[in-house]
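A.B. asks: Below is a structure I'd like to ask you about.
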Amino acid sequence: MLQNYLNKFESFAKKYPGPIEDSISLHFGQHKYHIVFGCLIHGDETGSLPAILMAIEKLMTSCIKYGGIVTFILGNKQAALKEKRYLEADLNRSFSPKEIPNENSFERKRAIEISGVLKNADVFLDFHQTKLHCKEAFYIFEMHEKSYLWARSIGVAKLFVTRKKGEPYTPNGMCSDEYMHLQNKVGITLELGEKGFHKSACKICLMTIEKSLWRMDQIYLFKKNIINIARKSPKLIFLERKYTEPFSSPKKILKDGFFNLQKIKKEQILGYDESGTPLISPHQGYILFPQYPKRNEFGISIEENDAYIYSIVCEIENPKLFIS
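Following the numbering used here, the numbering of the sequence shown begins with 80 at its first residue and continues without gaps.
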């Protein structure tokens, strides 16, 4: 199934080649502003691919009307073909403008190529999926007011997982949306749900693309104000990342059965560290990105682990503190 989708993308790319390999660009000439959609930034998160192909086809046949420039990028096709998250380094931790530890990795070189496209973009939406079951789709990025207003104006998801402006998601490197924020441009990540090809992910993704293109025309062609557009849309529910548990030892382990946005009680035991001491939630909220890597017979993780074994997010009582 994946190969069929990739073949179709390649056939479209021959007609409408983008600025880098595995990209497609369409120019409609009514305004100069540019929106980019990212897919397969993590190679095993493939669920946005069907919707991207539908959107390209609709644009080609004028079923979707748009007046500016739009680019679609497959981030890490090579990892997708091997059903891996990445080959050498996490692509979505490789966007730092400075020298980084994995400077010579395939993903770092790919991030530099993609960064060149993003420098010429005004808006970037990156579609991701979670490793495990997720209760619903959600936006996730640091608090960046322009990006928040765009996410709210698009709608589609009602939850916005955020953190203080300038706070990196992980110490392991810069994400694509953070790279856009560094330039004070709109960078949005939307988690579509559990990874894989699902009708719900396809529907949400296609709706997001269509609404984003319409917003681009409203703002840049019809000169509407993004603040006024956002105010007409329902407010997002702010969830602040309140706690992250470092994956500091390969022996650290979660109890079975957690999934994304599952409710967690304060002082609930979530797992155990390398000495058997319980991992206790310091907050009541929701667990996010719980990690269940492959382990050997001694219970030791045999995978390259994420920076955090889980995060806890909590609803913000006064989100006005996060926006001006």
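For each residue, glycine too, the CB sits at the ideal point set by N, CA and C.
For residue 379, name the three-state secondary structure that DSSP assigns.
C.D. replies: On the sequence shown, residue 379 is found 300 positions in, with the first residue counted as 1. If DSSP states are grouped into helix, strand and coil, residue 379 belongs with coil.
A.B. asks: With distances taken from CA atoms, which of 211, 363 and 315 is nearest residue 335?
C.D. replies: Your numbering for residue 335 matches position 256 in the sequence shown. The option with the nearest alpha carbon to residue 335 is 211.
A.B. asks: Give, in chain order, every unbroken run of the alpha helix (DSSP H) that is at least 4 residues long and sits entirely within the region 142-181.
C.D. replies: 156-160
A.B. asks: Quick check: the Cα distance between residue 300 and residue 263, rounded to an integer number of angstroms?
C.D. replies: In the sequence shown, counting from the first residue as 1, residue 300 sits at position 221. In the sequence shown, counting from the first residue as 1, residue 263 sits at position 184. Taking the straight line joining both Cα atoms gives about 21 Å.
A.B. asks: Smallest Cα separation from residue 197: which of 371, 302, 230 and 267?
C.D. replies: Locating residue 197 in the sequence shown gives position 118, where the first residue counts as 1. Ranking 371, 302, 230 and 267 by Cα distance to residue 197 puts 267 first.
A.B. asks: When you compare each of 156, 105, 171 and 187 to residue 147 by their alpha carbons, which one comes out closest?
C.D. replies: On the sequence shown, residue 147 is found 68 positions in, with the first residue counted as 1. Looking at the Cα atoms, 105 is the closest of the given residues.
A.B. asks: Which parts of the region 90-150 are runs of the alpha helix (DSSP H), unbroken and 4 residues or longer, counting only runs that do not cross its ends?
C.D. replies: The qualifying runs are 128-139.
A.B. asks: Do you know offhand how far residue 387's Cα is from residue 141's?
C.D. replies: Locating residue 387 in the sequence shown gives position 308, where the first residue counts as 1. Locating residue 141 in the sequence shown gives position 62, where the first residue counts as 1. If I take the Cα positions, the gap works out to 44 Å.
A.B. asks: Spatial neighbours of residue 138 within its chain, please: CB distance less than 6 Å, with the 5 preceding and 5 following residues excluded, ordered by chain position.
C.D. replies: Taking the first residue of the sequence shown as 1, we reach residue 138 at position 59. So the qualifying residues of the chain are 105.
A.B. asks: Going along the chain, which residues of its own chain have a beta-carbon closer than 6 Å to the beta-carbon of residue 202, five neighbours each way excluded?
C.D. replies: Start at 1 with the first residue of the sequence shown, and residue 202 comes out as number 123. Take residue 202, set aside five residues on each side of it, and the residues of its chain with a beta-carbon closer than 6 Å to its own are 114 and 265, in chain order.
A.B. asks: Can you tell which of 281, 332 and 318 has its C-alpha closest to the C-alpha of residue 324?
C.D. replies: The residue given as residue 324 occupies position 245 in the sequence shown. Residue 332 is the option with its Cα nearest to residue 324.
A.B. asks: First and last residue of the alpha helix (DSSP H) that includes residue 419?
C.D. replies: There is simply no residue 419 to check, as the chain begins at 80 and stops at 403 in what is shown.
A.B. asks: Run through the region 301-386 for me and flag every whole alpha helix (DSSP H) of 4 or more residues, listed as ranges in chain order.
C.D. replies: List check, alpha helix (DSSP H) in window: 305-310.
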